[in-house]
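In the working numbering, the protein residues as written are 639 to 928.
Note that CB positions come from ideal geometry on N, CA and C, so glycine has one too.
What you are looking at is a predicted structure, and each value in this text was computed from that prediction instead of being measured.
The structure under discussion appears below in the form of structure tokens.
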């Protein structure tokens with residue numbers, strides 16, 4: 639008879655725990671924004687149950703040992719191990735809601751937060767809330783200044799820096815010349831972020847000079863892929879100089895180079911009667927006045 643009574647009491651206690659459970663959920667936010675850590679009782683309490691206290695614990699990159707940091711009662715809430723003004727109580731005790739809001743989230747805040755609701759006389763109910771922090775990449779494309787030649791060299795570098803998790807970076811093959819190749823490297827940082835670099839290789843000829851390539855970056859924090867257009871540069875000195883008399887008093891000098899060539903004119907034929915502003919050389923054109 640006593641055994642049956644104990645089983646009945648256990649079943650009644652279990653049923654009350656089934657009726658009322660604490661809900662939470664995983665949270666993912668970007669670095670520097672606010673995160674809502676949900677904690678609320680879902681279901682109905684037994685008539686003889688009352689909520690006495692809500693407690694918060696955390697185990698994060700900064701708090702590597704379990705840290706009891708916040709408690710809430712019907713009349714007050716307080717920090718346990720020193721205040722952190724970034725935390726805001728966003729629930730209502732009368733609603734059995736212990737939700738917290740964490741402002742200006744940092745990488746050190748990433749981890750697991752535990753919300754514990756203490757009831758009398760049945761004890762504790764709790765939920766774990768994993769917090770993930772995303773860091774979008776800082777993107778850039780750099781010209782590696784290849785010089786005209788017949789060997790494959792590094793043409794350009796595309797970088798997605800300081801992201802979490804790592805970004806995917808690639809050169810769009812549809813926009814590349816068939817002779818171009820690419821590869822990637824990953825650099826991990828001590829704070830948990832990483833930098834992904836995509837290298838573009840090719841033969842620096844005049845054939846590819848001026849063609850358009852596209853670097854594509856994808857990341858969990860980006861709503862869509864970021865595309866960085868890049869005009870391929872090949873650097874070379876003037877190879878041919880062409881001088882043409884355009885008009886009786888105008889001489890034109892033409893040459894192709896990258897960067898654009900600088901023209902220097904000298905002549906003993908300029909009349910002293912020619913105004914300096916009119917007879918001065920302008921780029922590849924020199925006007926002679928008499």
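Going by the DSSP bridge assignment, what does residue i pair with across the sheet?
| i | result |
| --- | --- |
| residue 780 | 795 |
| residue 694 | 708, 753 |
| residue 715 | 710 |
| residue 699 | Residue 699 pairs with nothing; no bridge assigned. |
| residue 868 | 851 |
| residue 837 | 795, 821 |
| residue 770 | 666 |
| residue 807 | 855 |
| residue 724 | None; residue 724 has no bridge partner. |
What does the alpha-carbon distance come out to for the pair residue i and residue j?
| i | j | result |
| --- | --- | --- |
| residue 828 | residue 802 | 12 Å |
| residue 767 | residue 726 | 16 Å |
| residue 899 | residue 772 | 47 Å |
| residue 854 | residue 872 | 22 Å |
| residue 860 | residue 668 | 10 Å |
| residue 809 | residue 666 | 29 Å |
| residue 784 | residue 796 | 15 Å |
| residue 747 | residue 686 | 38 Å |
| residue 834 | residue 821 | 11 Å |
| residue 851 | residue 813 | 6 Å |
| residue 858 | residue 804 | 9 Å |
| residue 738 | residue 800 | 28 Å |
| residue 672 | residue 742 | 6 Å |
| residue 706 | residue 670 | 24 Å |
| residue 836 | residue 880 | 40 Å |
| residue 862 | residue 790 | 33 Å |
| residue 641 | residue 711 | At residue 641, the pLDDT of 37 sits below 50, so the modelled position is not reliable and the matter cannot be decided from this model. |
| residue 736 | residue 778 | 43 Å |
| residue 882 | residue 792 | 38 Å |
| residue 807 | residue 826 | 15 Å |
| residue 752 | residue 693 | 8 Å |
| residue 690 | residue 709 | 11 Å |
| residue 648 | residue 702 | At residue 648 the pLDDT is 35, less than 50, meaning the model places this residue with poor confidence; the figure from the coordinates comes in the next sentence. Cα-Cα distance, rounded: 37 Å. |
| residue 719 | residue 713 | 20 Å |
How close, in whole Å, do the beta carbons of residue i and residue j come, if the pair is a contact with beta carbons under 8 Å?
| i | j | result |
| --- | --- | --- |
| residue 740 | residue 724 | 6 Å |
| residue 869 | residue 848 | 6 Å |
In terms of alpha-carbon separation, which member of the options lies closest to residue i?
| i | options | result |
| --- | --- | --- |
| residue 843 | 883, 895, 812 | 895 |
| residue 904 | 893, 841, 889 | 889 |
| residue 755 | 730, 747, 664 | 730 |
| residue 831 | 775, 851, 797 | 775 |
| residue 798 | 866, 692, 879, 893 | 866 |
| residue 700 | 734, 744, 662 | 744 |
| residue 876 | 863, 892, 862 | 892 |
| residue 874 | 897, 826, 864, 885 | 897 |
| residue 688 | 760, 811, 792 | 760 |
| residue 684 | 757, 721, 885, 722 | 757 |
Go through its chain and collect everything with a Cβ distance to residue i's Cβ below 8 Å, but skip five positions before and after it.
| i | result |
| --- | --- |
| residue 750 | 696, 697, 698, 766, 767, 768, 769 |
If you drop the 5 nearest sequence neighbours on each side, which residues of the same chain put their C-beta closer than 7 Å to that of residue i?
| i | result |
| --- | --- |
| residue 846 | 815, 840, 870, 872 |
| residue 659 | 680, 681, 763 |
| residue 818 | 838, 839, 840 |
| residue 787 | 842 |
| residue 781 | 794, 871 |
| residue 653 | Per-residue confidence for residue 653 stands at a pLDDT of 40, beneath the threshold of 50, marking its modelled position as unreliable; the derived number appears in the next sentence. Closer than 7 Å at Cβ, skipping near neighbours: no residue. |
In chain order, what residues of the same chain have a beta carbon less than 6 Å from the beta carbon of residue i, not counting five sequence neighbours either side?
| i | result |
| --- | --- |
| residue 593 | This structure leaves residue 593 out entirely; the chain is present only between 639 and 928. |
| residue 663 | 676 |
| residue 678 | 661, 735 |
| residue 674 | 739 |
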